[in-house]
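Our numbering numbers the first residue of the sequence shown as 11 and each following residue consecutively. Presented below is the structure to which this report refers.
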Amino acid sequence: MTADPAADRHVRPLADGNQLPLLGLGVWQVPNGPECVNAVRWALELGYRHIDTAQAYGNEESVGQGIRESGVPREEIFLTTKFFPRHQDPAAEAQRSLRRLGVDQVDLYIVHWPQGGPIWAWPGMEQARELGYTRSIGVSNFDVDELEQVISAGSVVPAVNQVQFNPFVYRRALLDACEQRGIVLEAYSPLGTGRHLGNPTVNQIAEATGRTPAQVLLRWCVQRNIPVIPKSTHRERIDENRRIFDFTLSDDEMTALDGLDRTHGTAQAQERKWW
Ligand code: A2P
């Protein structure tokens, strides 16, 4: 199977000048080990150039191994990891991540959730950037008021806010607030961790467009220029999920998907806080 560079041509510029590929592979809930190594390697072989992991996932070693085994040069890959906020020192933890990943620097380092308040970790995140451990810094699971607090207290505006985002959780007010502040909203759980693949509206649109339900849900994001990080450990699904740049959803199809939102366009980053 030949690698298709299409997936890596579509990037979203960040406010700090770095470029985030619109499509990435997510590895949440993939155990450290061969399954994770293979998923990362396959994704890179198939043309993905963006991998998203986290300290809390416990699989950074395998992500690093998958990158090395793929043979794709490190500088071609956008690599994200996230600060586990039950620890104290973001810069020291970044250094540990680099060791586990076997790289000199990540491209994006994110506060995984605002545990203990939104601002305490930010000076350490800025320090991690100054020390060259990461090129960009951002946050995840932050509401608008939490973003505001970080912006007021910090010297660097978060480059991204990674949140659960798909037609069923179309957080319009949060998206608008991010856009207004130059923060790129990045979508995790774009398939609803698989739950939304059986939805009748999604399936009708998939049939009408000759695509799969997963491709329809992912296309809904990238058509809005929203970076998306679907998780799969199956090669054929990783392949399927990258084929989203060669078709367009009509305005009516986008509107029908928008109508699935159950959050009433919320400004909140999540319905239930787990910390
Ligand atoms: P698997 O890893 O076994 O392939 P999300 O990205 O929203 O978290 O969703 C991930 C879930 O959706 C995983 O359970 C994954 O299963 C499944 N999945 C990912 N891509 C596809 C696909 N193209 N078709 C069916 N299921 C998929």
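Here a beta-carbon is modelled for each residue, glycine too, at the ideal position from N, C-alpha and C.
| request: Within 10 angstroms of the Cβ of F93, are there 16 or more other Cβ atoms? Answer buried if so, exposed if not. | output: Result: buried.
| request: Could you name the residues that DSSP lists as bridge partners for T10? | output: Nothing in the structure corresponds to residue 10, since the chain is present only between 11 and 285.
| query | Would I120 pass as a contact of V170 if the rule is Cβ separation under 8 Å? | reply | Yes. Within cutoff.
| query | Between the Cα of G164 and the Cα atoms of E136, E103, R51, which residue gives the shortest distance? | reply | Comparing Cα-Cα distances from G164 to each of E136, E103, R51, the minimum goes to E136.
| task | List the DSSP bridge partners of I147. | result | Bridge partners of I147: Y119.
| task | Taking only heavy atoms of ligand 1 into account, decide whether any of them is closer than 7 Å to the Cβ of G204. | result | Inclusion of G204 in the 7 Å shell around ligand 1 follows from its C-beta lying nearer than that to a non-hydrogen atom of the ligand.
| message | For F175 and D153, what's the separation of their Cα atoms in angstroms? | response | Roughly 13 Å separates the two Cα atoms.
| message | Let's see if you can read the secondary structure: which residues bound the beta strand (DSSP E) around P23? | response | Where P23 is concerned, the enclosing beta strand (DSSP E) stretches over 21-23.
| said: Please report the distance separating the alpha-carbon of A216 from that of L259. | reply: Separation of A216 and L259 (C-alpha to C-alpha, rounded to the nearest whole angstrom) is 10 Å.
| field | Helix, strand or coil at P100 [DSSP, three-state] | value | Helix.
| task | Decide if W123 is buried, meaning its Cβ has at least 16 other Cβ atoms within 10 Å, or exposed. | result | Burial call: buried.
| Euclidean distance between Cα positions of A218 and A101 | So the alpha carbons of these two residues sit roughly 49 Å apart.
| said: Pairs of beta-carbons, one from the region 229-244 and one from the region 276-283, closer than 8 Å: are there three or more? | reply: Result no; under three Cβ-Cβ pairs closer than 8 Å.
| message | Given the structure, does E250 come close to ligand 1, in the sense that its CB is under 7 Å from one of the ligand's heavy atoms? | response | Indeed, a heavy atom of ligand 1 lies less than 7 Å from the Cβ.
| said: Quick check: L185 and L195, are their CB atoms within less than 8 Å of each other? | reply: In this structure, L195 lies closer than 8 Å to L185 by Cβ.
| request: In the DSSP assignment, find the unbroken alpha helix (DSSP H) run with A138 in it and report its ends. | output: Note, A138: alpha helix (DSSP H), 132-140.
| message | Between which two residues does the alpha helix (DSSP H) holding L54 run? | response | Unbroken alpha helix (DSSP H) run through L54: 44-55.
| With DSSP run on the structure shown, which of helix, strand or coil describes P31? | Note: P31 maps to strand in three-state DSSP.
| query | To the nearest angstrom, how far is it from the Cα of Q214 to the Cα of F255? | reply | Taking the straight line joining both Cα atoms gives about 20 Å.
| Among Q190, D117, A138, G148, nearest to E85 - alpha-carbon criterion | E85 has its Cα closest to that of D117, out of Q190, D117, A138, G148.
| Through-space distance from S162 to G36, alpha-carbon basis | One C-alpha to the other measures close to 30 Å.
| said: Measuring alpha carbon to alpha carbon, tell me which residue in V149, L108, A138 is nearest Q125. | reply: Nearest of V149, L108, A138 to Q125, Cα basis: V149.
| task | Please report how far the alpha carbon of A224 lies from the alpha carbon of E103, in whole angstroms. | result | Taken atom to atom, the span from the alpha-carbon of A224 to that of E103 is near 34 Å.
| query | Residues in its own chain within less than 8 Å of D271 by CB, not counting five upstream and five downstream? | reply | The residues are P177, F178, V179, Y180, R182.
| request: Along the alpha helix (DSSP H) that carries E196, what are the first and last residues, could you check? | output: Run containing E196: none in the alpha helix (DSSP H); it sits in the beta strand (DSSP E), 194-198.
| field | As assigned by DSSP and simplified to three states, the class of P15 | value | Caution applies to P15, whose pLDDT of 49 falls short of 50 and renders its modelled position unreliable; the value that the coordinates give is listed next. The DSSP-derived three-state label of P15 is coil.
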